[in-house]
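Visitor:
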Amino acid sequence: METTQQAAGQQRSADQRRRELLEAADRVVLRDGPQASMNAIAAEAGITKPILYRHFGDKSGLYRALAKRHTDALLHALREAVDAPSERRERVEATLDTYLAAIEARPQVYRFLMHPAEDSQPSEAGFDVGRHSAPLLRRLGEELAKVIFDRVDLGPDSEQLARVWGHGIVGMMHAAGDWWLGERECSRAELVRCLADLLWGRLAAAADRPGGQTF
50 METTQQAAGQ QRSADQRRRE LLEAADRVVL RDGPQASMNA IAAEAGITKP ILYRHFGDKS
110 GLYRALAKRH TDALLHALRE AVDAPSERRE RVEATLDTYL AAIEARPQVY RFLMHPAEDS
170 QPSEAGFDVG RHSAPLLRRL GEELAKVIFD RVDLGPDSEQ LARVWGHGIV GMMHAAGDWW
230 LGERECSRAE LVRCLADLLW GRLAAAADRP GGQTF
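In the numbering used here, the protein residues as written are 50 to 264.
(1) Which two residues bound the contiguous alpha helix (DSSP H) that contains Pro156?
(2) Check the DSSP bridge columns for Val201 and list the partner residues they point to.
(3) Quick one: what's got a C-beta closer than 7 Å to Leu145's C-beta in the same chain, skipping five residues either side?
(4) Rounded to whole angstroms, what's the CA-CA distance from Ala253 to Pro259? Just pull it up for me.
(5) Leu189 and Val141 look like a contact to me (Cβ under 8 Å); what is the Cβ gap, rounded to whole Å?
(6) Taking C-alpha atoms, which residue in Ala130, Leu185, His104 and Arg118 lies nearest to Arg67?
(7) Quick one: grab the DSSP three-state call for Pro184.
(8) Which residues in the same chain have their Cβ closer than 8 Å to the Cβ of Arg137, if we skip the five residues on either side of it in sequence?
(9) Leaving aside the five residues before and after Ser172 along the sequence, list all residues of the same chain whose C-beta is less than 6 Å from its C-beta, in chain order.
(10) Inspect the beta-carbon positions of Gly226 and Ala194 and report whether they are closer than 9 Å.
(11) Out of Ala183, Phe198 and Val196, which one is the CA nearest neighbour of Ala224?
(12) Could you name the residues of the same chain whose beta carbon sits closer than 7 Å to that of Ala114, not counting the 5 residues immediately before and after it, in chain order?
(13) Just mark Leu127 as buried or exposed, buried being the case when its beta carbon has 16 or more other beta carbons within 10 Å.
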C-alpha cells in the first residue's frame, strides 16, 4: 500500500514538474515565437538542457506536448461555441471567431506551432514543423467531423460527408486565418462573416439529427 502511495505521489510530482516546464516553454514561445530554443527554455525554467531532454526527449517531444496543451484548450473553447444556446448561423460564426481569436491573441504561439524558424539553431535544424503540425490540424478536423455527424442529418453517407466537411472547414479556417494574421486586409468580424457566408448554403438547408443536440 505504501509503495503504491509513494508511486502515486512521485507521478503527481512528475506531472506537476512537467506542467511547470511547459509553462516556462510557453513564456519563451510568447517572447521568441518560432525562434524559441531548447537553451532558452531551459534557462527560463532554471534547469540545464539535459534535464529538459529528460522530460521531453528533444524539441520535437516538447513541441508535441505544447501542441497538445494548446489544442486541448482550443477544442474546449470551440465546443463551448458550438454548444452556445443560439441560432445555428450564430454558432457557426462564433466557432469561426473562436479559432481566429485564439491565433490573434497568441500569434507567437501560433507561429511556433505552424511555421518553422528561418534561422533555426544548427542543432535543431532537423526539426520539421510541418511533420508535427499536420496531426494537430487532423485532430481538429476529426473532432469537428464528430460534432457534425452527431448533430446534423446529412442523409446517405452522412459519416463520410461529415468527415469531408470537418476537415474541409478546419483547412479553410487554417488557411484563411494564416493569411489574415499576416496581411490583416480586413477585420476579424469581416473575415468571420465572409467565411460563414461561404459555408452557409448547405449548412442552412441541413436538418438537425432527431433527438440530438443542435448544430
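C-beta atoms are modelled at their ideal positions from N, C-alpha and C, and glycine is treated no differently.
As the structure is a computational prediction, the values presented were derived from the model and not from experiment.
Guide: Based on what the coordinates show:
(1) Residues Pro156 to Met163.
(2) Answer is Asp257.
(3) These residues qualify, in order along the chain: Met222, Val241, Leu244 and Ala245.
(4) Those two C-alpha atoms are separated by around 16 Å.
(5) Going by Cβ atoms, the distance from Leu189 to Val141 rounds to 16 Å, so no, they are not a contact pair.
(6) Residue His104 is the option with its Cα nearest to Arg67.
(7) DSSP places Pro184 in the helix class (H, G or I) of the three-state scheme.
(8) Shown here for Arg137: same chain residues with a beta carbon closer than 8 Å to its own, the five before and five after excluded, namely Leu252, Ala253, Thr263 and Phe264 in chain order.
(9) Note that Ser172 scores 46 on pLDDT, short of 50, meaning its location in the model is unreliable; the coordinates nonetheless yield the value given after this. Nothing meets the Cβ criterion.
(10) Contact annotation: Gly226 and Ala194 have beta-carbon atoms that are not nearer than 9 Å.
(11) The residue with the shortest Cα to Cα distance from Ala224 is Ala183.
(12) Cβ neighbours of Ala114 beyond the five flanking positions: Leu71 and Phe105.
(13) Buried, since its Cβ has 16 or more Cβ neighbours within 10 Å.
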